[in-house]
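Peer 1:
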Amino acid sequence: MAAMTARHETIKPAHPGEHLREDYIPALKRAGVTLSGLARNLRTSRNNLNLILDARRGVSPEMAVKLAAVFPHTTPEFWANMQSNHDLWLARKTVDTSGITAVAVGQQAV
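This is the structure we're talking about:
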C-alpha cells in the first residue's frame with residue numbers, strides 16, 4: 002500500500018480541462034461542434050471554457066453538472082472528483098504543514 006501511495010503522490014492527476022481538451026474536444030470538432038457552440042450549450046462564456054480547457058480555472062460543481070448533461074455517459078461526480086483529485090494533489094505539494102501539531106482524539110459515540 003505504501004508503494005501505491007508514494008506513486009500517487011508523484012503522478013499529477015489530470016485537470017478535468019485537460020481531459021476535456023484531449024479526449025472530448027477532438028470528437029466534438031469532428032462532429033462540427035465549435036468551442037463557441039460548446040460554450041453556448043454549457044451556458045458559459047468562451048473565455049471561461051478556454052480557462053477550463055487550459056487548466057487555469059477549475060470545474061465548479063455547477064459546471065460538473067453541465068458537463069455531465071452535455072456528455073451523458075459521464076456524471077457530475079466524474080468531473081467533480083477529477084477536479085478534487087487535482088486540487089488535493091496540488092495542495093499536498095504546496096501547503097506548508099510544518100508547525101501543525103496532530104491532535105489525538107479518542108473514539109466518540111455518534
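Under our numbering, the final residue of the sequence shown carries the number 111; numbering is consecutive throughout. All C-beta atoms in this analysis are idealised placements derived from N, C-alpha and C, irrespective of residue type, glycine included.
(1) CB Ala-65 to CB Trp-80, shorter than 7 Å?
(2) Measuring CB to CB, does Pro-14 end up less than 7 Å from His-74?
(3) Which same chain residues, not among the five before or five after Leu-29, have their C-beta less than 7 Å away from its C-beta?
(4) In whole angstroms, give me the CA-to-CA distance for Tyr-25 and Val-104.
(5) Is the beta carbon of Pro-27 closer than 7 Å to that of Met-83?
(6) With DSSP run on the structure shown, which of helix, strand or coil describes His-16?
(7) Cα separation between Asp-97 and Gly-107?
(8) Would DSSP call Ala-65 helix, strand or coil?
Peer 2: Taking the definition as stated:
(1) yes
(2) no
(3) Leu-39
(4) 45 Å
(5) no
(6) Coil, per DSSP.
(7) The straight-line gap from Cα to Cα measures roughly 26 Å.
(8) helix
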